[in-house]
Amino acid sequence: MTAGARPPRTRRLAVALALCACAAPAAAQDGAAAAEYRDRIIAPQALAPLPPDPEDALDDSGLPRSLRLSLDYARNERGGEAYDERGLSLGGYWETADWGAFSLDAAALRSDRDGGRDWGGAATLWQRGVYLEGGWRGDNGLGVIATPALELQRNQYRFFLPTVAMAGASSQWTRADDGRSVYAAFGRAGVFAGTRTVGFELADGDVAALGAQWRPAPGWTASAALLGSDGRIAPDARGDAAYLAGATRAGHWAARWSSGADSVQFNLLNSHGRDGNASGGWIDASARRGRFRHDAGVFSLDPGLAWGALPINQDVRGGYYRLGYQYGRWLWNASLDEIRSIRGGGFDGRYATAFARYQASTRLGYGASASLRQAERGGDAYSLQAFADWRSDWGQTRLQLDRADAGDGERSWQASLDQALPLPEGQHLSLSLAYAELGQRARQATRSASLSLYGGLRLGQRWNLDGNARWTDGDGPSALRGGDVNLSLTGQLARGWSLSAALFQSRGSQRSPFLLDPLALDSPFQRLPRERSALLTLRYDWQAGRPLPVLGAAPDAASGDIAGVVYLDDNGDGVRAASERPAANVTVLLDGRWAARTDSSGAFAFARVSVGEHRIQVLADNLPLPWTLDEAPTAVRVSVRDAARVDIGATRPR
């Protein structure tokens, strides 16, 4: 081969390599095209049948209506006596197009306590959200109800005016445009009775209430209310609520001025009862200046002052000042009260508090509080508290240390640990560990250790277990030993049918020595009779109808559930701790129309709630003083076939 023949061979080799390079992508594309994914069509006959949907059988004709029927049985042991209770409960709801929404809650109760076999019970019929010409909205009640209350009666910063339970009728009308509100109520006095089925025992006396609220001038709101009750509620020899003789006639007048961040409310109260005539007045002022909030007031309440059947503050005169600060990571407040007894036999002295909290990070926050009570006739005391809250993969944790000293050997301290665990949906669990040494005057100190659990567990698709338990072991004259249990097992037997069983046991309660009441020097230990109950309920629920569509919105076809607990938030952190007590027999309103009452565990539930935003509001009709609830409704979002959970805590002045 000559040198001149080599270049053509080289060119032919280069051309061959180029052709191969061009052919390789084409071959790869052909292979990819051959393996391209294509949808596969599944024959309908090859699909497994869907499970039956219980909502398919729902009658959606007409407006919403419901029926609830339950049979209750309870076996109770209280103190040294044992008795049975049998009850029948009936409830219903019916929404109309022009006359608002009607709701019925009735119960019949038979108890063999004290050898009796008589039937008792309670019934309540409400008409809510009925409108008249001129923008008036009315709520009318018939049966076992509480006396209505105006906004200025409920909006109290330092003192509280309780409502009165009665069997009668009430009507309240409100016009939002000009702030007018009027109400009237009349009925027979009484007290609630029963364990599982709540009844009402009538007393020998009447209750009458009348009130009105209006806006006399821009920025001003005024109200006037009259309340008459024949009797008062006090504990009997067994510790139960009883209606005792003693008529009371009282009148309350209030005026409030507000402008932006400032407000002043004037209150006058006059009563005539078994202790004679008494008058009282108090002024509460509030002002916001930047990051600071100032609250101040003066008060004078004569001895024997009364409002309704429950006791209120009386025989006191003085003033108070509160200063609060909140900005960024800091939250602190301080207060000073000057209190004098008008008659001379009550508390004379001063009460000061301070609280501070610092949020160090998104996970860690810590703080401390102090209370000091100085009494001129003995009874000086102080209380200190330090705490730390932090969030981790184990949930929310709170470590708290308390120390109190009331003199004469009454020195107490307590260390506690609260843990709320993060669990999957449908489950929740909180634990509390505590060790305390509680001192008593002229007696040996009491040492106690306790473990508390609060939680819920979904057992399969139909059953739920909820409740709380507390085990205590102690050594000393006031030691409580044993367990307190409040468990509830609820399950669906069939469509509309459910069964629930509950076990309740309490060995009594103690008043905490770390809470210093400036208006009373009672013993910090208050023992209650031991109580044990076994409860069984068979319930049937029926629902039908669909809400009327609203222009611009789709009909509420999809639904979910709302469930929650009302409790006494003792440490004020907004999280239910296992050691915090439930608030039983309290009314809960959904969107201001549907009502439910909390059970012995403080639990409430609303079934088949339309998807979207809703408002939950709790009425403090049976809430023990001085616990209060936020007037603003709690917003809850409901998702399709989901159970939204909301825990609402009542707070007390700190």
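Residues -28 to -1, 1 to 626 (mature numbering (1 follows the signal peptide of the UniProt record, and there is no 0)) are what the sequence shown spells out, left to right.
Ideal placement from N, C-alpha and C gives every residue a C-beta, glycine not left out.
Cα-Cα separation, residue i to residue j
i, j, result
"Val154", "Gln185", "6 Å"
"Arg50", "Gly455", "15 Å"
"Ala607", "Arg587", "5 Å"
"Gly621", "Asp70", "36 Å"
"Trp229", "Ala175", "40 Å"
"Leu43", "Arg82", "12 Å"
"Phe476", "Glu503", "8 Å"
"Val610", "Gly532", "6 Å"
"Ser388", "Leu133", "34 Å"
"Asn285", "Gly337", "36 Å"
"Gly110", "Leu35", "20 Å"
"Ala376", "Ser384", "5 Å"
"Gly171", "Ala94", "5 Å"
"Gln298", "Asp602", "19 Å"
"Ala161", "Arg85", "22 Å"
"Asp323", "Arg624", "The question names Asp, yet the displayed sequence has Tyr at residue 323. Going by the C-alpha atoms only, they are around 16 Å apart."
"Ala328", "Gly232", "27 Å"
"Ala526", "Tyr354", "No answer about Ala526 holds up, because its pLDDT of 44 lies below 50 and its placement is not dependable."
"Gly544", "Asp90", "44 Å"
"Val236", "Leu461", "49 Å"
"Ala156", "Asp149", "21 Å"
"Ser470", "Ile311", "54 Å"
"Gly564", "Gly321", "43 Å"
"Trp599", "Gln125", "16 Å"
"Phe271", "Asp287", "11 Å"
"Ala506", "Ala473", "8 Å"
"Ser573", "Ala441", "11 Å"
"Arg130", "His266", "14 Å"
"residue 643", "Arg511", "A query on residue 643 cannot be resolved here, the shown segment of the chain reaching from -28 to 626 and no further."
"Arg370", "Ala196", "45 Å"
Three-way DSSP call (helix, strand, coil) for residue i in this model
i, result
"Leu429", "strand"
"Gln125", "helix"
"Arg624", "coil"
"Asp86", "helix"
"Leu308", "strand"
"Ala(-3)", "At Ala(-3) the pLDDT is 48, less than 50, meaning the model places this residue with poor confidence and gives no usable figure here."
"Gly544", "coil"
"Leu35", "coil"
"Ile255", "strand"
"Glu552", "coil"
"Gly106", "coil"
"Ala616", "strand"
"Trp366", "coil"
"Glu53", "strand"
"Phe359", "strand"
Sub-7 Å separation of residue i and residue j beta-carbons
i, j, result
"Ala181", "Thr119", "yes"
"Leu60", "Ala80", "yes"
"Ala257", "Ala268", "yes"
"Gln386", "Ser38", "no"
"Asn305", "Gly296", "yes"
"Asn239", "Ala226", "yes"
"Gly72", "Gly101", "yes"
"Gly92", "Leu76", "no"
"Ser283", "Arg315", "Checking the displayed sequence, the identity of residue 283 turns out to be Pro instead of Ser. Not a contact, by the Cβ cut-off of 7 Å."
"Thr444", "Leu452", "yes"
"Leu395", "Leu401", "yes"
"Arg363", "Arg335", "yes"
"residue 658", "Val581", "As shown, the chain starts at -28 and ends at 626. That puts residue 658 outside it, with no answer to give."
Supposed contact pair residue j and residue i - C-beta distance, whole angstroms, cut 8 Å
i, j, result
"Gly218", "Arg204", "5 Å"
"Gly280", "Val116", "Not really, about 16 Å apart at Cβ, beyond 8 Å."
"Ala408", "Ser420", "5 Å"
"Ala577", "Ala568", "7 Å"
"Val537", "Ala575", "5 Å"
"Leu373", "Ala358", "5 Å"
N- and C-terminal bounds of the beta strand (DSSP E) containing residue i
i, result
"Arg345", "Leu336 to Ala347"
"Ser582", "Ala575 to Ser582"
"Trp385", "Arg383 to Leu393"
"Ala141", "Ala137 to Arg147"
"Trp599", "Segment: none, Trp599 is in no beta strand (DSSP E) and carries neither H nor E."
"Arg413", "Run containing Arg413: none; DSSP gives neither H nor E here."
"Gln477", "Trp469 to Ser478"
"Gly455", "Gly454 to Ala466"
"Leu510", "Glu503 to Ala516"
"Phe264", "Phe264 to Leu273"
Beta carbon proximity, residue i to chain D, threshold 7 Å
i, result
"Pro120", "No chain D appears in the structure shown, which is made up of a single protein chain."
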